[in-house]
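Numbering (our numbering), first residue to last: 9 to 230. All residues carry an ideal CB built from backbone N, CA and C; glycine is no exception. One structure is given here, and the rest of the page talks about it.
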Amino acid sequence: MPLTFDDLLARARSLPRGGRRAVLGIAGSPGAGKSTLAEALVRELNGAGGAWAAHVPMDGFHLADAELDRLGRRDRKGAPDTFDAAGYAALLRRLREEGDGDGDGDTVYAPGFERVLEQPLAGAVPVPPAARLVVTEGNYLLLGTGAWPRVRSRLDEVWFCEVPEEERIRRLVARHEEFGKSHEAAEAWVRGTDQRNADLVAATRDRADLVVPEPALPRPPR
9 MPLTFDDLLA
19 RARSLPRGGR
29 RAVLGIAGSP
39 GAGKSTLAEA
49 LVRELNGAGG
59 AWAAHVPMDG
69 FHLADAELDR
79 LGRRDRKGAP
89 DTFDAAGYAA
99 LLRRLREEGD
109 GDGDGDTVYA
119 PGFERVLEQP
129 LAGAVPVPPA
139 ARLVVTEGNY
149 LLLGTGAWPR
159 VRSRLDEVWF
169 CEVPEEERIR
179 RLVARHEEFG
189 KSHEAAEAWV
199 RGTDQRNADL
209 VAATRDRADL
219 VVPEPALPRP
229 PR
């Protein structure tokens with residue numbers, strides 16, 4: 009039978025075992041619906057105001073533009089070496105370790121990402137001690153170079169979102185336009201820098217524990 013969103017909910021709910029917190033990774037190319045899936049899972053798992061699940065995006069580990077300028081990488085923003093992958097792996101380890109036990113530990117604060125400013129924001133995402141599942145999402149969770157394998161080692165499972173390429177590009181262009189780019193600039197970025205990153209991410213698909221096809225993904229807002 010085809011995979012459904014309810015199947016994904018049940019699988020996510022089963023990940024925490026034996027009193028320990030689990031960390032679920034959601035990977036995929038830019039525009040594949042990772043954030044939409046993560047947000048939908050957390051919303052449904054938490055029900056009416058619960059705190060059983062938390063969403064921690066990888067995007068909070070973007071290097072700031074000032075540092076990208078210093079490194080000469082600003083024109084490649086979004087590539088693997090424009091993130092603090094080692095810092096991300098360290099946070100995931102802390103989330104796993106502090107989530108074990110009876111939920112009496114400390115709240116862990118993760119960085120967020122402000123899309124209007126396109127800058128990371130420290131301490132923007134609280135993960136309460138009661139959270140049994142952390143859902144994290146990003147492009148490079150399955151990448152085998154640099155510090156990225158350390159990220160994979162902190163994840164109980166990684167799911168890969170897959171949508172038709174034409175739809176993925178349409179979504180991505182619309183996102184860039186929403187946050188201030190002209191249509192022409194959005195198209196140029198998506199088919200240049202973003203496409204190189206997308207090709208790199210697509211090559212990691214076979215390392216995922218589960219490939220999630222478009223019919224099982226919640227519809228993103230238009």
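Check: residue i C-beta below 7 Å from any heavy atom of the ligand GDP
i, result
"F13", "Looking for the ligand GDP in the displayed structure turns up nothing, as the structure carries no ligands at all."
Same chain only: Cβ atoms within 7 Å of residue i, ignoring 5 sequence neighbours per side
i, result
"A40", "C169, E170, V171 and R176"
"V124", "F187"
"D164", "L23, A30, V31 and L32"
"V198", "I177, L180, V181 and H184"
"A210", "S37"
"R104", "R29, V31 and R162"
Rounded distance between the beta-carbons of residue j and residue i, thought under 8 Å
i, j, result
"P65", "R140", "About 19 Å; that fails the 8 Å criterion."
"A138", "A56", "Not quite, the Cβ-Cβ distance comes to about 15 Å (not below 8 Å), so this is no contact."
"D73", "Q127", "7 Å"
"V133", "G68", "7 Å"
"L11", "A224", "4 Å"
"V135", "T115", "7 Å"
"L16", "V220", "7 Å"
Per DSSP, the bridge partner or partners of residue i
i, result
"L150", "The partner list for L150 (beta bridge, DSSP) is empty, contrary to what the question assumes."
"L218", "W167"
"Y117", "P134"
"T144", "G33 and V64"
"E75", "Answer is none; E75 lacks a bridge partner."
Close-in-space but distant-in-sequence residues of the same chain around residue i (CB under 8 Å, 5 per side omitted)
i, result
"A20", "L32, L49, L53, A61, L141 and V143"
Delimiting residues of the beta strand (DSSP E) encompassing residue i
i, result
"A130", "Q127 to V135"
Extent of the continuous alpha helix (DSSP H) to which residue i belongs
i, result
"A18", "F13 to R21"
"L45", "K42 to N54"
"A94", "A93 to E106"
"H184", "E173 to E186"
"H191", "H191 to W197"
Close beta carbons around residue i, own chain, < 6 Å, minus the five adjacent residues each side
i, result
"W156", "A93 and Y148"
"G122", "One point to set straight first is that residue 122 is Glu, not Gly, in the sequence displayed. Counting only Cβ-Cβ distances below 6 Å, and skipping sequence neighbours, we find L129."
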